[in-house]
Amino acid sequence: MLTRSGDDLFSVTTESPQDAQALASQMRDSGDWLEVIPGIDSVVLQFDAATYDGDDVRQTIESALAAGIEPLQISQSLVEIPVIYGGEYGPDLNALCEKIGLTADDVIALHTGREYTVDMIGFTPGFAFIGDLDERLRVPRRKEPRQRVEAGSVGIADERTGLYAMASPGGWTIIGRTPSRLFDPNAEQPFVLGAGTRVRFTAISADELNG
Amino acid sequence: MTITVIKPGLQSTIQSRPRVGLRHQGVPASGAADPLSLALANRLLGNTWEAPAIEATLLGPTLRFDCECSFSVTGAVAVATLNGNEIQAHESLTAITGDKLTVGAAEVGARMYIAVTGGFAAEDVLGSSSTNLQAGFGGLQGRALIAGDVLRFEPSAIESARTPEEYRLPMSSTWALRTCIASETDSLDDASLDNLFSTNWTVDRRADRMGVRLDGPRLNVASDGRMPSAGVIPGTIQCPEDGSPYVLSVDAGTVGGYPRIAQVARVDRHALGQLRPGDHLRLLRREPDEAVVELRAKLAYWREWLPDIDEIL
Chain A
2 MLTRSGDDLF SVTTESPQDA QALASQMRDS GDWLEVIPGI DSVVLQFDAA TYDGDDVRQT
62 IESALAAGIE PLQISQSLVE IPVIYGGEYG PDLNALCEKI GLTADDVIAL HTGREYTVDM
122 IGFTPGFAFI GDLDERLRVP RRKEPRQRVE AGSVGIADER TGLYAMASPG GWTIIGRTPS
182 RLFDPNAEQP FVLGAGTRVR FTAISADELN G
Chain B
31 MTITVIKPGL QSTIQSRPRV GLRHQGVPAS GAADPLSLAL ANRLLGNTWE APAIEATLLG
91 PTLRFDCECS FSVTGAVAVA TLNGNEIQAH ESLTAITGDK LTVGAAEVGA RMYIAVTGGF
151 AAEDVLGSSS TNLQAGFGGL QGRALIAGDV LRFEPSAIES ARTPEEYRLP MSSTWALRTC
211 IASETDSLDD ASLDNLFSTN WTVDRRADRM GVRLDGPRLN VASDGRMPSA GVIPGTIQCP
271 EDGSPYVLSV DAGTVGGYPR IAQVARVDRH ALGQLRPGDH LRLLRREPDE AVVELRAKLA
331 YWREWLPDID EIL
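Chains as they are written, first to last, in the numbering used here: chain A, 2 to 212; chain B, 31 to 343.
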């Protein structure tokens, strides 16, 4: 579904995060946009309303949708993300275990036991939405968001893992932290993860981090 | 050449142009919350519109000039003094070594801009030297100014200038922002939709570079008020669980999980940076194409004094 969502905005709803990413990447490559922002099941497109007329922009998007969305290339490389689970780095792990009736070892085994894909980057620089979690690990967002979640924190909410590339406020259940640097504004390639990146988490101990 | 920060004011940051085209990587716009006032300050000094300047919030800084140079002050109405003598906003002024510039409390509006010839040296990150406070990059070490900071710049000689009266951005405590309906406007019930556009909203204490919360009648959205994260830009109005509309500003995250109930049109987005707690605000409903006509008229008006207005608004 295509809607005009502002004087300089259109919004397209999609079937899946993969479709949103694929459409966004296709539109970005083929058009003159100020922003193309894929969401979980949508793409928001901002155009320069000083230059372009809304009706023309609508037609451009409609033609692209009619021609069909090329599936996104799944990246071949697999990024391994070491995580220290629990303790001071994963302050919500114990509460999570009580809530879902599993031990910490169970949670870690389930979380490290599968391969994931980055569905989307957004909210803060480099924040990665990574799907899909094992159904036994799914809990809603915290009612009271934290004022500050440290960089590298690994959170879960609903069907996804969220990776905080930098410190920010946040409402996800924090189960661990990675020492990997996920965003370096001064690097040539500032973002380690992108939509479509394959990810696997591995458990490490705090000693390994310090040693 | 340098300026030394004696007192930083409430929250002063180095701001320039926004970061554009990176929201899909989670990178917010940043940049001057009121880009028009930034451009006006730079215009007086012969700078490019986005030359990095100080954006001061509600209470301005005290600065010491360590060299002779020209500077200008624009934005919110505030008393400014040079060595204790009141100076005028909207004029290019000259300071000599040892002069102290104090910008006082904003009386109307929220943000003052202090520019120097050539602009301040600042850390360029991802295409802009604007400060991103949340992520901690850009500007001066990605943070707000503190006492003792030394700001560098390369002054040059300029012709003196004043902003013509008709281009002095009016400051007010009552605002009207032209606004379109958005993707989830239909999740509001009828009474709430009516209230959205008929209420004289009050700007809440929670008004900063991230966004502005509006106080007034509680709005009701269908469902539990949560949705899959979707793209937002400055000017997007969300309706969080508490039913108070929240207007996103330049530092807002790039996606959000609350219904997007309206969108402030591009023509009036620059005014978001001047809203202060206690101000009153009406949202004027516009069809998208009406708002575009108004945008183009505004651009045409400003182009004579600010030739780069298309990039500024």
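Glycine residues also receive a C-beta, built at the ideal position from the N, C-alpha and C atoms.
Identified DSSP bridge partners for residue i
| i | result |
| --- | --- |
| B/E85 | B/T43 and B/Y143 |
| B/G76 | Its beta-bridge partners do not exist; DSSP assigns none. |
| B/Q293 | B/C210 and B/T266 |
| A/M299 | Past the boundaries of the shown model lies residue 299 of chain A; chain A is included only from 2 to 212, so the question cannot be answered. |
| B/D245 | B/T232 |
| B/E153 | B/G169 |
| A/Y86 | A/G177 |
| B/A174 | Bridge partners of B/A174: none, in fact. |
| A/R147 | A/G171 |
| A/F192 | A/F184 |
Inter-residue spacing [alpha-carbon to alpha-carbon] between residue i and residue j
| i | j | result |
| --- | --- | --- |
| A/D8 | A/A96 | 45 Å |
| B/V277 | B/I263 | 10 Å |
| B/G345 | B/G308 | Not covered by the structure: residue 345 of chain B. The range shown for chain B is 31 to 343. |
| B/E189 | B/A152 | 25 Å |
| A/G212 | B/P185 | Here A/G212 scores only 47 on pLDDT, less than 50, and its place in the model should not be relied on; the value that follows carries that caveat. Distance between the alpha carbons of A/G212 and B/P185 is about 50 Å. |
| A/P141 | A/T174 | 8 Å |
| A/D20 | A/L66 | 11 Å |
| B/S46 | A/C98 | 47 Å |
| B/S202 | B/S158 | 30 Å |
| A/I122 | B/Q55 | 5 Å |
| A/A129 | A/Y53 | 32 Å |
| A/G132 | A/I41 | 11 Å |
| B/T78 | B/P337 | 10 Å |
| B/G61 | B/A282 | 12 Å |
| A/E89 | A/E116 | 26 Å |
| B/V242 | B/A301 | 12 Å |
| A/E136 | A/G156 | 15 Å |
| A/D30 | A/V44 | 14 Å |
| A/E151 | A/I109 | 20 Å |
| B/G105 | B/T204 | 16 Å |
| B/C210 | A/G69 | 29 Å |
| A/T113 | A/L46 | 36 Å |
| A/L24 | A/V119 | 16 Å |
| B/D179 | B/T161 | 15 Å |
| B/P200 | B/E324 | 18 Å |
| B/A330 | B/A321 | 14 Å |
Interface partners of residue i on chain A, CB under 8 Å
| i | result |
| --- | --- |
| B/T43 | Under the 8 Å cutoff, chain A gives no residues; its nearest Cβ is about 16 Å from B/T43. |
Within chain B, partners of residue i - CB distance below 8 Å
| i | result |
| --- | --- |
| A/M28 | The contacting residues do not exist; A/M28 stays about 11 Å from chain B at best. |
| A/D42 | P258 and A260 |
| A/L164 | Result: empty, since nearest Cβ-Cβ is about 11 Å, beyond 8 Å. |
| A/T179 | Within chain B, no residue comes near A/T179; the closest Cβ sits about 17 Å away, beyond 8 Å. |
Where residue i meets chain A, residues with beta-carbon distance less than 9 Å
| i | result |
| --- | --- |
| B/A295 | G7, D8, D9 and A50 |
| B/Q171 | The premise fails here: B/Q171 is roughly 12 Å from chain A at the closest Cβ pair, so nothing lies under 9 Å. |
| B/Q268 | None at all; the shortest Cβ gap to chain A is about 13 Å. |
| B/L329 | A51 |
| B/L156 | P126, P186 and P191 |
| B/I263 | G7, D9, L10, L35, E36, I38, V45 and Q47 |
Interface residues of chain B facing residue i [CB-CB closer than 7 Å]
| i | result |
| --- | --- |
| A/T174 | Neighbours of A/T174 on chain B: none; closest Cβ ~15 Å, over 7 Å. |
| A/F192 | Q55 |
| A/V37 | H54 |
| A/S169 | Q164 |
| A/T4 | S213 |
| A/G55 | P318, D319 and V322 |
Contacts of residue i in chain A (Cβ-Cβ under 7 Å)
| i | result |
| --- | --- |
| B/D340 | A51 |
| B/F167 | P186 |
Short CB-CB distance (under 7 Å) between residue i and chain E
| i | result |
| --- | --- |
| B/T284 | In summary, chain E is missing from the structure at hand, where the protein chains are A and B. |
What residues in the region 202-218 of chain B bring their beta carbon closer than 7 Å to a beta carbon of chain A? C210, A212 and S213
Within the chosen definition, does the region 136-147 of chain B reach the region 62-74 of chain B through at least 3 CB pairs nearer than 8 Å? yes
Evaluate contact between the region 102-109 of chain B and the region 128-143 of chain B, counting only Cβ atoms and requiring at least three cross-stretch pairs below 8 Å. yes
Evaluate the contact criterion for the region 112-123 of chain B versus the region 188-203 of chain B: three or more CB pairs, one atom per stretch, below 8 Å. yes
If contact means a Cβ-Cβ distance below 7 Å, which residues of the region 32-63 of chain B contact chain A? V50, G51, R53, H54, Q55, G56 and V57
Against chain B: residues of the region 98-123 of chain A by CB proximity under 8 Å: M121, I122 and G123
Mind listing which residues of the region 136-161 of chain A have their C-beta closer than 7 Å to chain B's C-betas, in chain order? none
Counting Cβ pairs, one atom from each stretch, are 3 or more of them under 8 Å apart for the region 168-180 of chain B and the region 196-207 of chain A? no
Output needed in chain order: residues of the region 270-302 of chain B with a Cβ under 9 Å from some Cβ in chain A. G283, T284, V285, G286, G287, R290, A292, Q293, V294, A295, R296 and V297
The region 10-26 of chain A: positions lying closer than 8 Å to chain B by Cβ: L10, S12 and A25
Any 3 or more C-beta pairs closer than 8 Å across the region 54-73 of chain A and the region 2-16 of chain A: yes
Determine which residues of the region 311-327 of chain B have a Cβ less than 9 Å from any Cβ of chain A, and write them out in chain order. R316, E317, P318, D319, E320, A321, V322, E324, L325 and R326
Beta carbons nearer than 7 Å to chain B: which residues of the region 70-93 of chain A have them? none
Three or more C-beta pairs closer than 8 Å, one from the region 284-294 of chain B and one from the region 261-275 of chain B: is that the case here? yes
When the Cβ atoms of the region 69-83 of chain A are set against those of the region 189-198 of chain A, are three or more pairs found closer than 8 Å? yes
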